[in-house]
Every structure is written in C-alpha cells, then in structure tokens.
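Protein chains in written order, with my numbering: chain A, 1 to 206; chain B, 1001 to 1206. Glycine included, every Cβ here is placed at the ideal spot set by N, Cα and C. For reference, the structure is listed below as structure tokens.
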DNA sequence: GTCTATACTTGGATAGAC
DNA sequence: GTCTATCCAAGTATAGAC
C-alpha cells in the first residue's frame, strides 16, 4: 500500500539496486554515476542529490548486500549443529552467492578501496559483521569439541572469509566454479571424518 | 656497463616498474597512463608507443611481478621436504609478499578484470603458473603421505592460492596483518601434528 | 524530487616536431 | 625513441528549470 503524498524513496532504492547490479556486472571501475543512473532508468544528477557522491552510493549498495546476505545466512545456519551440516550449508550459501554475484560486490569494493582515500575504513567496517557471523557459526559447531579447544574460532573465521573471497575472485575470473565445488566436497569429507574421530557437540549427554 | 649506441629499453623498463608501483599504491583505478608516466619520470604518450594501451602495460607489470615471485618461490621451496617446513617457508613468503605489496598487484588486476573486456582471460593465464607452483610444492610435501592420498594436490593448491589472495585483501584493507600471522602459526601447528601422526615422506627408507 | 544543461577534470589515444 | 600539443570521450559535480 502506497501513500499518495510523500512516497519518500523509490528512486533512492532503484539507484541502490542499480549500483549493486553495476558492481556485479561492470566492477568498481565500471560503476560510474552515468552507468548506474542509466541502469536505474533515471539520471545521473540524482545520485548526488540522494547520496552526495558515487562512493557513498556504492557504500549504500554494499550495505544493502551485506544486510541481505547476513539475514539469509542467519536463517540457513540457525538449525545447524555438527561440522558436517555446517559445511553442507556453507556449500549451499557459497554457490548461491557465487551465482548471484553477491561476493563480487564485496570483492570489487575491497579492491576499489585501494584507489579512494578513506574508503578502506568504511569497507572494513562493513566486513566486520561477516567475520563475526562466521566466528559465531564456527563456535556453535566446533566450540565443544577438541578441535575447538585447539583452533580459535576467530582465527578460523578470518580464514573462512578470506578463502570465501579468494575463491569467488578466482571463480569469477575464469568462469569456472568446479575447483571451488571440489573444495567444498573435500571439506565435507573432512568434517565427516572429524565427527567420527573427535567427540561431536550435538546432543551428547555425558 | 652501458652501451653508448642504442641502449634499447630503459624507458620501457621504467614504465613497467612504475606501473607495478602504481598498482600497489593507487590500485587499478589509480593506474592511469598519466599517473604511471609521472611516476616513471617520463611522459604519457610513451606508454602507447611502447605498449599500445594502458591495459597492456598493466599486463606487462603483472608478468614482471609474476616472474620475479615464481623465481623466488622456487628458490625458497627447493630445499623443503616436510609439511612443517613447507608451512614455515610459506609463512616467510607470505609476509614478504604482503609487506612488499606483490599480491596487491595480482588482486587489483583480478578485480579490475571485471571492468575491462578480455582482460579476465589474460589475467587467468598469468595466474595459472602460481597455482601450478603451489600444486607442485604441495605434492612434493604430502605426496607420499596418507593425507596426500585423500586430498588431491591440485584442489589444495587452488585453495591455497585463493586463501593467499583473500588474506592479502583483508590485510591490506585494514592494515592489520596479525590475523593472517596467527593463521600461519596455526597451520604450522597442524603440520607438526600431521608429521607425528601420519608417515612423513622425508627420507624414510622402508 | 526529478530532469536538463553545463562547468570542470581526468583519462585514453594520436599527430607531429625534434 | 622521446616530447609537446591536441582531440575526444567519460567522469564528477553543480545550477537551475520544472
């Protein structure tokens, strides 16, 4: 239901969506005010009216993707206990993100941050929740196990985010997602092995 | 010792070096013909004379870094046997690359490839040797062990390159190399564990 | 809030003098 | 092989009409 009077932000939203799409398809370099505005079906000047600068719009795009992804991740991981299940869900998430290009937005913003003063800190701020989410999911999965006692969840989370990012970039580069797929298969096997050797944390009453 | 007559390619080399530095400091977006030429102390037009386009110069820069790195890697890994030693050497290499910004060149080129048609394939071509090198080093290290029988070296190499890339991007983003450092420490511990449980491949005559 | 028009800057690329 | 000058396209950003 729409209000006839103000209807405050349809253009703003369209610009953000267009910015996301442009980052996915044309990368950071291709994400100019003109390119984004054209994709949004509106004009270039509105970007500066609504966001002040192209950079701010791109950050809004990153916020959008970040929020959406973290929401979906939370739903997916909510009902996960064992490491095996976690890997299974992570594989699913990874493939979804890869095909939809969600991570491309992140990767392009990180790389682009090298070129725009001050952007790095803003991007870092927005990546922190991803790492924190991974840490929490990992802790819930291996927190009570011997492995969890040896390997700090925070460090592992950092590695997972980095690997996630690197795999996306390589997959995107030559359009081949097979190597990444095989890796997740491998991770699944290792997780299965882990569940049999170490004590699992799922519903084990001692 | 310099020849007085032709002295064929000093400018060309200076441009390549300047391109490398510019990619490191200002990223793909900042690596314009004018910015590179200024850093090289020569003028913009020479880039097109020598390389035809900025993109070609950037690829030459990537070639340069790639060749130099693979050479150094080869030297370092040449005398490595056990997984523990491999991790040790890898840590050293990683820190060197991180501080020198070698991987930044790679990361920026991969990210920038999204924006320039045809660049992706060229960059992919130049990354292939890195993966192949990693595969070979891994195979030499765990090839004869039980782990090597379960985990394909090629898949692991892909993961290593991806992780390497991802860690560089995250470290570069917020200027904090501590998380990456802790990870390598962790990897060292795991490798040590591996050497004790599984059979090591180093000089074991049965 | 949206559109058109425009100022200003930077960048890729070429021509021509030296 | 190098430098200057220049063209043209694209980018950011603002002003002002609607």
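On a CA-only basis, which of the options is nearest residue i? Give me that one, please.
i                       : options                           : result
residue 146 of chain A  : A:167, A:196 and A:168            : A:196
residue 1015 of chain B : B:1127, B:1173 and B:1035         : B:1035
residue 1168 of chain B : B:1098, B:1039 and B:1088         : B:1098
residue 130 of chain A  : A:94, A:70 and A:170              : A:70
residue 117 of chain A  : B:1174, B:1080, B:1017 and B:1184 : B:1174
residue 1040 of chain B : B:1027, B:1051, B:1018 and B:1192 : B:1018
residue 188 of chain A  : A:92, A:127, A:148 and A:170      : A:92
residue 1252 of chain B : B:1031, B:1064, B:1073 and B:1072 : The structure shown does not extend to residue 1252 of chain B, since chain B is modelled only from 1001 through 1206, so no value can be given for it.
residue 1023 of chain B : B:1043, B:1048, B:1012 and B:1064 : B:1064
residue 10 of chain A   : A:72, A:47, A:135 and A:183       : A:47
residue 1165 of chain B : B:1025, B:1137, B:1102 and B:1067 : B:1102
residue 160 of chain A  : A:127, A:176 and A:149            : A:127
residue 151 of chain A  : B:1163, B:1135 and B:1179         : B:1179
residue 61 of chain A   : A:12, A:95 and A:29               : A:12
residue 1058 of chain B : B:1149, B:1029 and B:1076         : B:1029
residue 133 of chain A  : A:43, A:55 and A:72               : A:72
residue 1120 of chain B : A:115, A:105 and A:170            : A:170
residue 1162 of chain B : B:1148, B:1193, B:1192 and B:1094 : B:1094
residue 124 of chain A  : A:55, A:137 and A:106             : A:106
residue 185 of chain A  : A:20, A:87, A:55 and A:114        : A:87
residue 193 of chain A  : A:85, A:90 and A:135              : A:85
residue 1100 of chain B : B:1181, B:1191, B:1025 and B:1183 : B:1025
residue 135 of chain A  : A:77, A:172 and A:56              : A:77
residue 1137 of chain B : B:1183, B:1075 and B:1049         : B:1075
residue 55 of chain A   : A:172, A:114 and A:96             : A:114
residue 27 of chain A   : A:51, A:104 and A:67              : A:104
residue 1181 of chain B : B:1122, B:1148 and B:1096         : B:1096
residue 947 of chain B  : B:1066, B:1049, B:1044 and B:1045 : Beyond the ends of chain B as shown, which are 1001 and 1206, falls residue 947 of chain B; an answer cannot be given.
residue 183 of chain A  : A:172, A:148 and A:90             : A:90
residue 1020 of chain B : B:1191, B:1068, B:1190 and B:1176 : B:1068
Could you tell me whether any Cβ in chain A is nearer than 9 Å to the Cβ of residue i?
i                       : result
residue 1112 of chain B : yes
residue 1136 of chain B : no
residue 1141 of chain B : no
residue 1064 of chain B : no
residue 1164 of chain B : yes
residue 1158 of chain B : yes
residue 1172 of chain B : yes
residue 1145 of chain B : no
residue 1072 of chain B : no
residue 1129 of chain B : no
residue 1124 of chain B : yes
residue 1083 of chain B : no
residue 1060 of chain B : no
residue 1021 of chain B : no
residue 947 of chain B  : The requested residue 947 of chain B is not part of the displayed model; chain B covers only 1001 to 1206.
residue 1148 of chain B : no
residue 1203 of chain B : Low confidence applies here, because residue 1203 of chain B scores a pLDDT of 43, under 50, leaving its location unreliable; read the following figure in that light. Not closer than 9 Å to any Cβ of chain A, the Cβ of residue 1203 of chain B fails to qualify, so no.
residue 1161 of chain B : yes
residue 1186 of chain B : yes
residue 1098 of chain B : no
Looking at chain B, is there any beta carbon in it that lies within less than 9 Å of the beta carbon of residue i?
i                      : result
residue 53 of chain A  : no
residue 12 of chain A  : no
residue 93 of chain A  : no
residue 182 of chain A : yes
residue 90 of chain A  : no
residue 151 of chain A : yes
residue 18 of chain A  : no
residue 15 of chain A  : no
residue 196 of chain A : no
residue 116 of chain A : yes
residue 121 of chain A : yes
residue 5 of chain A   : Its pLDDT being 31, under 50, residue 5 of chain A is placed unreliably by the model, and nothing is read from it.
residue 155 of chain A : yes
residue 107 of chain A : yes
residue 86 of chain A  : no
Less than 8 Å separating the Cβ of residue i from some heavy atom of the ligand COA?
i                       : result
residue 1113 of chain B : You won't find the ligand COA in this model; it holds no ligand whatsoever.
Along the stretch 26-47 of chain A, what residues have a CB closer than 9 Å to any CB found in chain B?
-> Per Cβ criterion, the list reads 26, 27, 28, 29, 30 and 31.
Between the stretch 1146-1160 of chain B and the stretch 108-115 of chain A, do three or more beta carbon pairs fall short of 8 Å?
-> no
Take every Cβ of the stretch 133-141 of chain A, pair it with every Cβ of the stretch 73-91 of chain A, and state whether three or more of those distances are shorter than 8 Å.
-> yes
Entirely enclosed alpha helix (DSSP H) segments - the stretch 1081-1131 of chain B, minimum 4 residues = 1083-1100 and 1102-1112
Go through the stretch 1127-1157 of chain B residue by residue and report every complete run of the alpha helix (DSSP H) that reaches 4 residues or more, in order.
-> If you keep only unbroken alpha helix (DSSP H) runs of at least 4 residues inside the stretch 1127-1157 of chain B, you get 1146-1150.
Inside the stretch 23-51 of chain A only - alpha helix (DSSP H) runs reaching at least 4 residues | 33-40 and 45-51
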